[in-house]
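Residue numbers (the numbering used here): 423 to 770.
The beta carbon of each residue, even a glycine, is placed where N, CA and C say it ideally should be.
In what follows, a structure is listed as structure tokens, so that the remarks can point back to it.
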Amino acid sequence: MGKDYYEILGIKKGASEDDIKKAYRKQALRFHPDKNKSPGAEDKFKEIAEAYDVLSDPKKKDIYDRFGEEGLKGGGPAGPSGPGTYSYTFQGDPHAIFAEFFGGRNPFEQFFGARNGGMDEDMDTDDPFSRFGMGGGGMGGFSRSFNPGMGGIGGMGGHTSVVKKQQDPAVVHDLKVSLEEVLNGCTKKMKICRKRLNPDGRSTRTEEKILEVQIKKGWKEGTKITFAKEGDETPRNIPADIVFVLKDKPHPVFKRDGSDVVYTAKIPLRDALCGCTVHAPTLDGRTVTVSSTDIVQPGMKRRVSGEGLPYPKRPDRRGDLIVEFEVKFPERLSQNARDTIAQVLPRS
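Next comes the structure, spelled out in structure tokens:
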């Protein structure tokens, strides 16, 4: 025996269009997985969506009323009295149907939180082919657009109203780059998974896409790269923008200071007092010589022009390499050394 769609919605055969909508609203709210955590609620929610999909469509409803589920799905008698070649299979997304019914809004969101609505924090930007999920919609999410004229949780109420699409908030993620990548420029390839609408305008599919992020020479930390409308798409939203924000990776040798790079040279106290020569590395793998015949104070800095990072607006020019001296004091001294220092060094 086929499914009784009227019984699933809790109404009698011959129910009006308004009764069908009210029954769907009641049953869908009751068995929505965000509210009902009992076993089988998800299957019941899908069954309710299928019943509403049939009974809210005049053609499907007419065939179902005359020939039942078997006739609707192509199993009934053919010919003048039968459904002929018409065949129905429910392929819709129950969450998309629910979202469309409530004007693109999840009535449980303020209590339970939207399903699959956040960023996947497992994304590892050190891997150029890492992935992340979009927020604000898709198969299990809901768009944030809502027309107050729809009547809130009361739903459509038998009245048709136009819902204005609103764009979801941008999906922002850090993109870490090394100083060498900023020096030379590079291309990062980021794989994303997002929801796209099917041709029916209601159901969605999951698809992957690779976004190529062009990192230009000298770009500073905090620079934003935006890919417009690459987020999840639902019947009631405008996809969010995807925004990558540049972050500098910690470097084992250098620190960044705008377009300058800072190298810390550790020298012993003797060299600080008597003069020294330091061979400082550069970002492109060379070394430069920095000499001082003066007494080196702790924290003293020397600049090597043009050995830093490119200027963002003038990539043909570069900032400086700053050599910052750190004086290492001895942990202990012999008495003879103490006496010698006391004789040589002035008291003030």
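Mind checking which residues open and close the alpha helix (DSSP H) that includes residue 769? Taking the first residue of the sequence shown as 1, we reach residue 769 at position 347. It is not in any alpha helix (DSSP H) - residue 769 carries neither H nor E in the DSSP assignment.
Give me whichever residues DSSP pairs with residue 664 in a beta bridge. As a working mapping, residue 664 is identified with position 242 in the sequence shown. DSSP, once it has assigned bridges, lists 593 and 649 as partnering residue 664.
DSSP bridge partner residues for residue 699 (one or two, in chain order): Within the sequence shown, residue 699 is the residue found at index 277, counting from 1. DSSP, once it has assigned bridges, lists 713 as partnering residue 699.
Can you tell me whether residue 747 is helix, strand or coil according to DSSP? As a first step, residue 747 must be located in the sequence shown, where it is residue number 325. Reduced to three states, the DSSP call for residue 747 is strand.
Just the C-alpha distance for residue 517 and residue 484, rounded to the nearest angstrom, thanks. In the sequence shown, counting from the first residue as 1, residue 517 sits at position 95. In the sequence shown, counting from the first residue as 1, residue 484 sits at position 62. The alpha-carbon atoms of residue 517 and residue 484 are separated by roughly 25 Å.
Under the rule that 16 or more other beta-carbon atoms within 10 Å means buried, what is residue 668, buried or exposed? Against the sequence shown, residue 668 aligns to sequence position 246. The residue is buried, with at least 16 neighbouring Cβ atoms inside 10 Å.
Which whole-angstrom value is the C-beta distance of residue 639 and residue 626, which I expect to be below 8 Å? Numbered from 1 along the sequence shown, position 217 holds the residue referred to as residue 639. Numbered from 1 along the sequence shown, position 204 holds the residue referred to as residue 626. Actually they are not in contact, since the Cβ atoms of residue 639 and residue 626 sit about 40 Å apart, beyond 8 Å.
For residue 612, which residues does DSSP report across the bridge? Translated into the one-based positions of the sequence shown, residue 612 becomes position 190. DSSP lists 633 as partners of residue 612.
Please classify residue 557: does DSSP put it in a helix, a strand, or coil? Mapped onto the sequence shown, residue 557 falls at position 135. Note that residue 557 scores 38 on pLDDT, short of 50, meaning its location in the model is unreliable and no value can be drawn from it.
Applying the 10 Å Cβ sphere with the 16-neighbour rule, what's the burial state of residue 760? The count along the sequence shown starts at 1 and reaches residue 760 at position 338. Exposed: under 16 other Cβ atoms inside 10 Å.
For a quick check, are the C-beta atoms of residue 632 and residue 651 less than 8 Å apart? Position 210 of the sequence shown holds residue 632. Position 229 of the sequence shown holds residue 651. No, the Cβ-Cβ distance between residue 632 and residue 651 is not below 8 Å.
Residues in its own chain within less than 8 Å of residue 550 by CB, not counting five upstream and five downstream? The count along the sequence shown starts at 1 and reaches residue 550 at position 128. Legend: pLDDT at residue 550 = 37, less than 50; position of this residue unreliable, value from coordinates given subsequently. Hits under 8 Å: 610, 611 and 612.
Could you check what DSSP says for residue 433 in three-state terms: helix, strand or coil? As a position in the sequence shown, residue 433 is number 11, starting the count at 1. DSSP places residue 433 in coil when its eight states are reduced to three.
Would you call the CB atoms of residue 751 and residue 722 closer than 8 Å? Within the sequence shown, residue 751 is the residue found at index 329, counting from 1. Within the sequence shown, residue 722 is the residue found at index 300, counting from 1. Result no, Cβ atoms of residue 751 and residue 722 do not sit closer than 8 Å.
By DSSP, does residue 622 sit in helix, in strand, or in coil? The count along the sequence shown starts at 1 and reaches residue 622 at position 200. Three-state DSSP puts residue 622 in coil, outside helix and strand.
Just the Cα atoms here: how many angstroms apart are residue 629 and residue 620? Residue mapping note: residue 629 aligns to position 207 of the sequence shown, counting from 1. Residue mapping note: residue 620 aligns to position 198 of the sequence shown, counting from 1. Straight-line Cα distance between these residues: approximately 11 Å.
Start and end residues, alpha helix (DSSP H) containing residue 447: Along the sequence shown, one-based indexing puts residue 447 at 25. Where residue 447 is concerned, the enclosing alpha helix (DSSP H) stretches over 439-453.
Work out the CA separation of residue 649 and residue 666 for me, nearest whole Å. Indexing the sequence shown from 1 puts residue 666 at position 244. Indexing the sequence shown from 1 puts residue 649 at position 227. Whole-angstrom Cα-Cα distance: 8 Å.
Hey, residue 705 and residue 726: beta-carbon distance below 8 Å or not? Counted from its first residue, the sequence shown places residue 705 at position 283. Counted from its first residue, the sequence shown places residue 726 at position 304. Taking 8 Å as the Cβ cut-off, residue 705 and residue 726 do not qualify as a contacting pair.
Quick one: Cα of residue 595 to Cα of residue 728, how far? Taking the first residue of the sequence shown as position 1, residue 595 is located at position 173. Taking the first residue of the sequence shown as position 1, residue 728 is located at position 306. If you take the alpha carbons of residue 595 and residue 728, they lie about 32 Å apart.
Ignore the nearest five residues each way along the sequence and tell me which others in residue 741's own chain have a CB closer than 6 Å to its CB. As a working mapping, residue 741 is identified with position 319 in the sequence shown. Taken in chain order, the residues that qualify are 681, 682, 730 and 731.
For residue 659, the three-state DSSP class (helix, strand or coil): Here residue 659 corresponds to residue number 237 of the sequence shown, with the count starting at 1. The answer is strand: DSSP assigns residue 659 an E or B state.
Give the DSSP bridge partners of residue 394, in chain order. In the structure as shown, the chain begins at 423 and stops at 770. Residue 394 is therefore absent and cannot be evaluated.
Can you give the Cα-Cα distance for residue 703 and residue 709, rounded to whole angstroms? Stepping through the sequence shown from its first residue, residue 703 is reached at position 281. Stepping through the sequence shown from its first residue, residue 709 is reached at position 287. The alpha-carbon atoms of residue 703 and residue 709 are separated by roughly 4 Å.
Three or more C-beta pairs below 8 Å linking the region 441-452 and the region 486-495: no
Nearest-angstrom Cα distance between residue 771 and residue 676? Past the boundaries of the shown model lies residue 771; the chain is included only from 423 to 770, so the question cannot be answered.
Could you check how far apart the C-beta atoms of residue 491 and residue 424 are, in whole angstroms? I think they sit under 8 Å. Translated into the one-based positions of the sequence shown, residue 491 becomes position 69. Translated into the one-based positions of the sequence shown, residue 424 becomes position 2. Their Cβ separation, rounded to whole angstroms, is 3 Å, which keeps residue 491 and residue 424 in contact under 8 Å.
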